[in-house]
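Line order of the protein sequences matches chains H and F.
Just so we're aligned: 282 in the working numbering is position 281 of the first sequence, and the numbers increase by one with no gaps anywhere.
Just so we're aligned: 3 in the working numbering is position 2 of the second sequence, and the numbers increase by one with no gaps anywhere.
Cβ atoms here follow ideal geometry from the backbone N, Cα and C, with glycine treated the same way.
Since we're looking at a predicted model, the values are computed, not measured.
Presented below is the structure to which this report refers.
Protein chains: 2
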Amino acid sequence: MKKRILIPEVSPAILGFATVGGKREKEGPLGEAFDLIDTSDRFCKKTWEKAEAEMQRLSLCKALEKTGKKATELDAVFAGDLINQCAASIFGLVSFPAPFFGIFGACSTLTEGMILASLALQSPGFSLAAVVTSSHNCTAERQFRSPIEYGGQRSPTSQWTVTGAGAYLLSARPEAGAFARITALLPGIALDSGVTDSSNMGAAMAPAAADTFLAYFEENGERPEDFDRIVTGDLGEEGSSLFLEFLEQNGVRNVKNHEDCGALIYDRTRADVHSGGSGCGCAGTTLANRYLPLLQNGKMRRILFAATGALMNAASVQQGLSIPGIAHLVRLESPAAGKEEVWS
Amino acid sequence: MKKRILIPEVSPAILGFATVGGKREKEGPLGEAFDLIDTSDRFCKKTWEKAEAEMQRLSLCKALEKTGKKATELDAVFAGDLINQCAASIFGLVSFPAPFFGIFGACSTLTEGMILASLALQSPGFSLAAVVTSSHNCTAERQFRSPIEYGGQRSPTSQWTVTGAGAYLLSARPEAGAFARITALLPGIALDSGVTDSSNMGAAMAPAAADTFLAYFEENGERPEDFDRIVTGDLGEEGSSLFLEFLEQNGVRNVKNHEDCGALIYDRTRADVHSGGSGCGCAGTTLANRYLPLLQNGKMRRILFAATGALMNAASVQQGLSIPGIAHLVRLESPAAGKEEVWS
């Protein structure tokens, strides 16, 4: 069996990040952590699509500002979103004079980008890369389902697309103040488990998430309890329970430290989000808003983080195709945890 | 100024490829070179979208078969297309048990994938990667313009989306029978030159193509005449003349060896394709159908090849946004040309 874990020779450092969100995200438990919030969700733009692009622009601009880097220092930008032809990334980031790689992994885009950036940073020509991802509730609703004005009834297993963008700066060199380093990569395999209910993305993604984590545990001999947290992107309540069930069926039992960004991002006593949050902006903001500060200050030392994606479009559902899932995993370690090691 | 050319330490070898096409592609001057043709353009599928996905599946399956490789040997697949959410790649390739990276660079997807695969192949954990890309005239027409049944009048500068898919296998090791090796990479920067006419993609892409080639020539000190050909993806007639004009304005004059896949793929005395071919399948099939055999047999020794993309979606045009372009470049050299060198 082919090895699936890649240990990068150079462990990229996450130097900094910025997150942008909307009203409902502000009201969630991580609301205080966003760098920029517009409670109108509009960011002074005339269309939702332009608003989402603006969120990408603001997030990268702010991440550069916070880390004292310039756009001209970027060797590459890896960016993606849920809009057709990755348009939020393109129009949001076209003003940055850096090589641009459009990527698409649905809601797994954050860690797809981190894996690709980490691989690129192994080459001597690369020293600084950005990963940017976003989603917007109103662009996603009208593209995949109905315009929000329609007020369609939502299924109990459905999730609420996060209005949010996250930008991350990754460096090949350890630098003072880094939040975490990426010490292992496990790119996901797309898995079609036959789920056709587009209102139950959690069920579509859970098998792929389990496949990715099980591949990690099996190959590395580690267990969930060797980590502070094992984190999934946006399985939501429904998908998370299926994910744990799949782990259990495969011998990984009694997992106590699993968290899901989709289950964390909203205050569900205030917001009717059904099974939880979703969208590229879900993992895309929660990694920064919750986990990276904990890794930086040493309150957490090691986490496994896999953003999860449901691979479909509006036409594929209409044409009766099922929804494959995918989950790309990175192992994140506290910079503090590596002080005794050679961190090249 | 930051360096834009990356010289990979390991020069990936293009071990093999396969191309799939439709009726009009068969009738073109490269028609005989396709591995698989269905003159109905349908590939025995009930929708155009499913037909395009099937073309991706067939191309990768055939490329593996021709090179004697197994899908389980693939360390990664990099794939993209023009369909919303890269659906042709997802549904075409979900049956291959390999790590999957969805990418989007519009018609520049082929070389975006080759650059990312080349970077990944620098890591010890990677030895074999696939790059797959496709477009289908009927999926593109109904998604970006009108269903073909509508019979809309086409503008003289418009291009004809190629019905085609190409799959390429890249190896970190030189192997007998390789077609070419990738000896330099230059990832493109997205450039918005203010073109808003979605019937003139050539004009939208030409500035980005010129930017990429000019960056190469300026940084490396080489000139077009140092290559057998300098090749663009799908600028078409209109975009090609603008491209040469931009080169000229920047001191690269009298270029005699430029070719454009979009201008080559159709027999324009038989097919009314206006400015030429376009779509991910244009460069995606022409690199394999025309250039790689010439590099393998030593009739060409060095080419610069940049697939070109117009970054937009149907909504962005409706919302009045202009169309940024991008061009990702690879330098391809004949395996023969490297025999005297250390090819690690």
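- Sixteen is the threshold: when 16 or more other Cβ atoms of the shown chains lie within 10 Å of the Cβ of proline 225 of chain F, as they do, the residue is buried.
- Here proline 208 of chain H carries a helix assignment [DSSP, helix/strand/coil].
- When the Cα atoms are used, glycine 17 of chain F and leucine 186 of chain F turn out to be separated by approximately 19 Å.
- Partner residues in the beta bridge of proline 100 of chain F, as assigned by DSSP, are H:Ile190.
- Residue F:Asp193 holds the alpha-carbon nearest to the alpha-carbon of isoleucine 91 of chain H among F:Leu243, F:Met56, F:Asp193, F:Glu28.
- Taken residue by residue, none of the region 259 to 270 of chain H has a beta-carbon sitting less than 7 Å from a beta-carbon on chain F.
- Distance from the Cα of leucine 288 of chain F is smallest, within the candidate group F:Asn201, F:Gly165, F:Glu249, for F:Gly165.
- The CB of valine 95 of chain F comes closer than 8 Å to the CB of Ala191, Leu192, Asp193, Leu312, Pro325 in chain H, given here in chain order.
- At least 8 Å separates the CB of serine 147 of chain F from every CB of chain H.
- Shown here, valine 232 of chain H sits in a strand according to DSSP, grouped into three states.
- Along the region 68 to 87 of chain H, the positions whose C-beta sits under 8 Å from a C-beta of chain F are Thr73, Glu74, Asp76, Ala77, Gly81, Leu83, Ile84, Asn85, Gln86, Cys87, read in chain order.
- Within chain H, the residues placing a beta-carbon under 7 Å from that of alanine 99 of chain F are Ile190, ordered along the chain.
- At least one CB of chain H lies nearer than 8 Å to the CB of serine 317 of chain F.
- Residues of chain F whose Cβ lies closer than 7 Å to the Cβ of alanine 121 of chain H are, in chain order, Leu120.
- As far as DSSP is concerned, alanine 64 of chain F takes part in no beta bridge.
- Bridge partners of arginine 143 of chain H according to DSSP: none are assigned.
- A distance of 8 Å or more separates the beta carbons of alanine 210 of chain H and alanine 107 of chain H.
- Taking C-beta atoms as the reference points, serine 12 of chain F and arginine 182 of chain F count as a pair closer than 8 Å.
- Out of F:Phe247, F:Gly282, F:Gly237, the CA that lies nearest to the CA of glutamate 260 of chain F is found in F:Gly237.
- Secondary-structure assignment with DSSP links serine 279 of chain F through a beta bridge to F:Thr162.
- In this structure, alanine 99 of chain F lies away from valine 132 of chain F, with their beta-carbon atoms at least 8 Å apart.
- Contact between leucine 330 of chain H and tyrosine 217 of chain H is confirmed by a C-beta separation of about 6 Å, below the 8 Å threshold.
- The Cβ atoms of alanine 315 of chain F and leucine 111 of chain F lie no closer than 8 Å to each other.
- Proximity of chain F to threonine 48 of chain H at the Cβ level (cut-off 7 Å) is accounted for by Gln320, in chain order.
- Proximity of phenylalanine 306 of chain F to chain H, defined by a Cβ-Cβ separation below 8 Å, is not satisfied.
- Residue contact with chain F for alanine 209 of chain H: absent (no Cβ-Cβ distance below 8 Å to any residue of chain F).
- Annotated three-state conformation of arginine 332 of chain F is strand, per DSSP.
- DSSP places cysteine 108 of chain F within a strand segment (E or B) once states are collapsed to three.
- Pairwise C-beta distances place the region 51 to 63 of chain F out of contact with the region 290 to 305 of chain F, as fewer than three of them are shorter than 8 Å.
- Residue-level contact check: phenylalanine 214 of chain F does not touch chain H, since none of the beta carbons of chain H fall below 8 Å from its beta carbon.
- Within the region 99 to 114 of chain H, those residues whose Cβ lies closer than 8 Å to any Cβ of chain F are, in chain order, Ala99, Pro100, Phe101, Phe102, Gly103, Ile104, Phe105, Gly106, Ala107, Glu113.
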